[in-house]
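Student: Starting off with a structure, shown below.
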Amino acid sequence: MSHPVAPNRLAVVRSVRTSYVAVPSFLARERIIAKPGFNRWLIPPAALAVHLCIGQAYATSVYKTALVNHFDTSLTAIGIIFSIAIVMLGLSAAVFGTWVDRNGPRAAMFTAAVFWVSGFLVGALGIYTRQLWLLYLGYGVLGGIGLGIGYISPVSTLIKWFPDRPGLATGMAIMGFGGGALVASPLSRQLMSYYDADYDPSVADSVPAGSAVGALFLTLAALYLVFMMFGAFLVRVPAADWRPKGFDPLTVKQKALVTTENVSANNAIKTPQFWLLWTVLFCNVTAGIGILEQASPMIQDFFRTGEGSLVAASAAAGFVGVLSLFNMGGRFVWSSTSDFIGRKPMYMIYLGVGILLYIVLATLGSTATWIFVLTAALIISFYGGGFSTVPAYLRDLFGTFQVGAIHGRLLTAWSAAGVAGPLIINGVLDARGTPGQLVAGDYRPALFIMVGPLAVGFVANLLIKPVDAKWHESEDAVEQFTHENPTQERSAAR
Amino acid sequence: MSSTASTDDRRPTTHTPAGLIAFAWTLVGVPLAYGLFQTVKTAAKLFTG
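Keeping their order, the protein sequence lines are chains A and B.
Heads up: the first sequence is residues 126 to 619, going by the numbering used here.
Heads up: the second sequence is residues 5 to 53, going by the numbering used here.
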């Protein structure tokens with residue numbers, strides 16, 4: 126394979142070398158290069174084992190009130206724990222992304238497990254000693270670092286194992302992140318009712334004791350340690366010359382925007398393509414997170430009649446469940462679909478159809494519950510699909526070389542949207558009235574505002590073109606980075 | 005699905021037991037199925053009140 130000469134090739138090799146940090150030999154990338162004959166269908170469960178655990182981050186609402194009572198503090202003070210974790214997710218994914226790509230998925234998954242589990246342990250200590258700052262440090266900072274490294278760690282590996290279906294591969298893993306919340310929410314309720322006999326999860330205003338949350342944290346730490354270590358020791362990387370049977374890389378190069386070249390993470394962030402895609406992800410997440418944040422009160426407010434609502438509180442909880450299912454399903458279905466129709470058209474659907482759906486929700490959403498539910502569910506499926514399709518889009522544009530590190534840097538868009546989305550919708554609703562007395566009309570300005578980011582994202586997606594050849598890496602730089610050469614593979618494969 | 009092909013046939017080969025693949029998928033599939041079942045049960049309340 127010939128490569129255009131990068132103007133700063135030596136600098137690239139040098140910068141790549143200086144970023145090397147050793148890991149114990151049992152975690153090293155060279156130790157997990159798969160021998161010929163290894164079945165790649167062992168890799169998705171390894172990835173799922175990690176993502177199902179860290180997806181717990183979306184299930185923190187089940188013990189939020191218990192922590193407010195236990196620490197005798199405000200909902201905001203407890204909510205900060207989750208905010209710190211999401212900010213740390215973005216920061217750690219961006220900072221450690223290159224380290225993850227260099228050292229391979231076993232070292233990354235192992236490290237993610239250590240941080241994630243330590244977060245629960247330190248958090249439990251904070252609960253038992255009533256030291257809230259330990260919860261910030263534990264679940265927020267340590268857990269957040271585990272989240273970031275764990276989120277990106279299996280993605281580049283799956284892309285390398287499934288070069289013929291990268292959307293399917295990343296969809297499987299990132300679906301697991303959505304699935305993690307579906308598992309953790311009911312499991313946490315059941316465990317807390319076991320640790321606190323007075324707590325009844327079926328009663329709406331029943332709240333578990335703080336000690337039950339502490340015991341839950343210890344239990345989850347043990348469970349997640351086992352699961353994540355299972356993933357870490359199951360995972361393998363393909364040899365450099367490995368290809369799926371019957372797969373010809375040149376066939377994917379014929380598709381628009383898909384490259385067989387490689388761009389480093391440091392150079393990727395210098396390209397307009399990276400920032401256009403950052404904008405696309407930011408806009409898609411900002412729009413979706415607005416509905417997710419308000420799901421339960423929103424459906425009741427849309428069908429409010431005088432004092433009450435046509436939608437009962439239990440039905441509103443069911444609506445949240447429907448959205449969770451579509452959030453998870455969209456991650457798999459839409460990302461897999463992108464393998465057939467292409468990444469750019471897929472985002473045109475997420476953002477373009479998303480605009481229409483927001484307009485339908487704002488104008489017709491209050492006329493019938495089925496219109497409201499169907500529209501919101503589709504929007505949330507696009508929100509989930511946006512997360513799982515983006516690693517495959519990055520691979521199309523920048524190659525597989527440092528796709529994990531590039532993905533990590535792109536996830537700062539998620540952190541930013543996590544602040545912007547709720548700010549927009551809460552800001553509008555606060556200005557319109559009091560929670561519990563809002564009606565459909567009060568949501569309309571917020572929904573129409575969300576059309577703006579979707580339109581911006583739609584245009585940004587249209588502007589994405591193939592990356593200029595001047596950013597492509599040489600084969601030497603790639604080999605220096607990964608330490609994958611035929612001699613090492615023959616001697617170290619196991 | 006057979007999934008491996010390599011250009012260098014001098015390297016030692018391996019065989020992944022079908023039982024290991026089934027075990028790995030079961031280990032992640034069971035909690036996922038539990039979570040899906042519980043969520044569908046909750047979601048059903050939207051239609052049953």
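We treat Cβ as the ideally placed atom computed from N, Cα and C, and that holds for glycine.
Note that the coordinates shown come from a computational prediction; the quantities given were computed from them, not determined experimentally.
Using the C-alpha atoms, what's the distance from LEU587/A back to VAL485/A?
Tutor: The alpha-carbon atoms of VAL485/A and LEU587/A are separated by roughly 24 Å.
Student: What do you reckon, are the CB atoms on GLN419/A and ILE550/A nearer than 8 Å?
Tutor: The answer is yes: Cβ separation under 8 Å.
Student: For a contact meaning CB atoms closer than 9 Å, what does LEU499/A contact in chain B?
Tutor: Here the premise fails: no neighbours, minimum Cβ distance about 12 Å.
Student: Taking 8 Å as the limit between beta carbons, can you name the residues of its chain near ALA191/A, skipping five residues before and five after?
Tutor: Counting only Cβ-Cβ distances below 8 Å, and skipping sequence neighbours, we find MET317, VAL332, PRO333, ALA334, GLY335, ALA337, VAL338.
Student: Could you give the uninterrupted runs of the alpha helix (DSSP H) lying entirely in the stretch 515-573 of chain A, keeping only those of 4 residues or more?
Tutor: The qualifying runs are 528-535, 537-557.
Student: I'd like to know whether the C-beta of GLY39/B is nearer than 8 Å to at least one C-beta of chain A.
Tutor: Answer yes: the Cβ-Cβ gap between GLY39/B and chain A drops below 8 Å somewhere.
Student: Does THR385/A pass the burial test, meaning 16 or more other C-beta atoms within 10 Å, or should it be called exposed?
Tutor: So THR385/A ends up on the exposed side.
Student: For SER6/B, which residues in the same chain have their Cβ closer than 6 Å to its Cβ, ignoring the five residues on either side in sequence?
Tutor: Reliability fails at SER6/B, whose pLDDT of 42 lies under 50, so the model's placement of it is uncertain and no value is given.
Student: Can you list, in chain order, the residues of its chain with a C-beta nearer than 7 Å to that of ILE209/A? Leave out the 5 residues immediately preceding and following it.
Tutor: The answer, listed in chain order, is TYR261, GLY265, VAL266, GLY269.
Student: Expressed to the nearest angstrom, what Euclidean distance is found between the alpha-carbon atoms of TRP258/A and ALA174/A?
Tutor: Taking the straight line joining both Cα atoms gives about 30 Å.
Student: Just mark TRP224/A as buried or exposed, buried being the case when its beta carbon has 16 or more other beta carbons within 10 Å.
Tutor: Classification for TRP224/A: buried.
Student: Going residue by residue through the stretch 249-302 of chain A, where are the continuous alpha helix (DSSP H) segments of at least 4 residues, counting only ones entirely within it?
Tutor: Correct list: 257-260, 268-286.
Student: Which term fits ALA298/A, buried or exposed, when burial requires 16 or more other beta carbons within 10 angstroms of its beta carbon?
Tutor: ALA298/A should be labelled buried.
Student: Sorted by chain position, which residues of the same chain lie with C-beta nearer than 6 Å to TRP459/A's C-beta, five sequence neighbours on each side aside?
Tutor: Correct list, in chain order: GLY510.
Student: Quick one: Cα of ARG361/A to Cα of ILE168/A, how far?
Tutor: Each residue's Cα considered, the two are about 7 Å apart.
Student: In this structure, how does DSSP classify VAL362/A when only helix, strand and coil are distinguished?
Tutor: DSSP places VAL362/A in strand when its eight states are reduced to three.
Student: Does the beta-carbon of PRO161/A have 16 or more other beta-carbons within 10 angstroms, so that it is buried, or is it exposed?
Tutor: PRO161/A comes out buried.
Student: Do the CB positions of MET620/A and GLY296/A come within less than 8 Å of each other?
Tutor: Given a span of 126 to 619 for chain A in the structure shown, any question on residue 620/A remains unanswerable.
Student: By DSSP's criteria, SER658/A is part of a beta bridge. Which residues make up the other side?
Tutor: With chain A covering only 126 through 619, there is no way to say anything about residue 658/A.
Student: Could you tell me which residues DSSP puts in a beta bridge with LEU474/A?
Tutor: A small fix is needed here, since residue 474/A is Ile in this sequence, not Leu. Looking at the DSSP assignment, ILE474/A forms no beta bridge with any residue, so it has no partner.
Student: Near SER616/A, what residues of its chain come up, given a Cβ to Cβ distance below 6 Å and the 5 sequence neighbours on each side ignored?
Tutor: Only weak support exists for where SER616/A lies, its pLDDT of 35 falling under 50; the value from the coordinates is given anyway. There are no such residues.
Student: Between LEU177/A and CYS408/A, which are expected to be in contact by the criterion C-beta below 8 Å, what is the C-beta distance as a whole number of angstroms?
Tutor: Incorrect: roughly 28 Å between the Cβ atoms, too far for contact.
Student: Looking only at C-alpha atoms, which of ALA440/A, ALA294/A, SER186/A, VAL478/A sits nearest to VAL498/A?
Tutor: Residue ALA440/A is the option with its Cα nearest to VAL498/A.
Student: Could you tell me whether the Cβ of PRO578/A comes closer than 8 Å to any Cβ of chain B?
Tutor: By this cut-off, PRO578/A is not an interface position.
Student: Is the beta carbon of GLY271/A less than 8 Å from the beta carbon of PHE302/A?
Tutor: No.
Student: So, at 6 Å on beta carbons, what are the nonlocal neighbours of LEU152/A in its own chain, with the 5 sequence-adjacent residues on each side left out?
Tutor: These residues qualify, in order along the chain: ARG231, ALA232, PHE235.
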